[in-house]
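Going letter by letter, the sequence shown gives residues -19 to -1, 1 to 98 in mature numbering (1 follows the signal peptide of the UniProt record, and there is no 0).
Ideal Cβ positions, reconstructed from N, Cα and C, are used throughout, including at glycine.
Only a predicted model underlies this, so the values are computations on that prediction, with no experimental measurement involved.
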Amino acid sequence: MDKFLLLLLLLAVFPFVFFQGVGPTTLCMVCENFKRGHCLRGKSNCTMEQGPGCRTRDFFIFTDRDGWRYNHTQLDCSNNCQSMNYHLGTLRISIFCCKGQDFCNKYQGKGLEWKPY
């Protein structure tokens, strides 16, 4: 009887010990050039098992006539993703990171207009 209880205890604890630290995977969209609701180049998927997750990068270009104008979006997986906005001269990039829900980086039509924060 004691061996049976010990076996039950081991079977109950084994999954928690064996799978400790393994989180759920997140499936992300990949697209090198996304514009007007369509992936124009590099359409695929990637899977994040650990790390920050899916990344969306909106690219804007500054012109004297129009100011900051949306140019295109890139979608991918990233181990070092941090949500932020930064600019390099006339190029501005807005980065959004997400995980925990498949295709959370699916482009939702944001980024058509950029307003300074």
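Alpha carbon of residue i to alpha carbon of residue j, nearest angstrom
i	j	result
leucine 78	arginine 36	First, the residue type needs correcting, since residue 78 is cysteine and not leucine in the sequence shown. Each residue's alpha carbon lies about 5 Å from the other.
glutamine 31	glycine 48	38 Å
glutamine 63	arginine 50	23 Å
lysine 87	histidine 19	11 Å
cysteine 58	glycine 81	13 Å
Residue i: first and last residue of the uninterrupted beta strand (DSSP E) it sits in
i	result
threonine 71	Segment: none, threonine 71 is in no beta strand (DSSP E) and carries neither H nor E.
glutamate 13	7 to 16
aspartate 47	Looking at the DSSP string, aspartate 47 is not in any beta strand (DSSP E), and its letter there is neither H nor E.
cysteine 20	19 to 22
serine 25	25 to 29
Whole-angstrom C-beta distance between residue j and residue i, which should lie under 8 Å
i	j	result
glutamine 55	arginine 38	5 Å
proline 33	asparagine 60	6 Å
Chain C within 8 Å of residue i, Cβ atoms only
i	result
arginine 36	Among the protein chains of the structure shown there is no chain C, as only one such chain exists.
CB of residue i within 8 Å of CB of residue j, strictly
i	j	result
cysteine 9	methionine 29	yes
histidine 53	asparagine 14	yes
Taking 8 Å as the threshold, find out whether the segment 42 to 50 comes into contact with the segment 15 to 25 through three or more Cβ pairs. Short answer: they don't touch.
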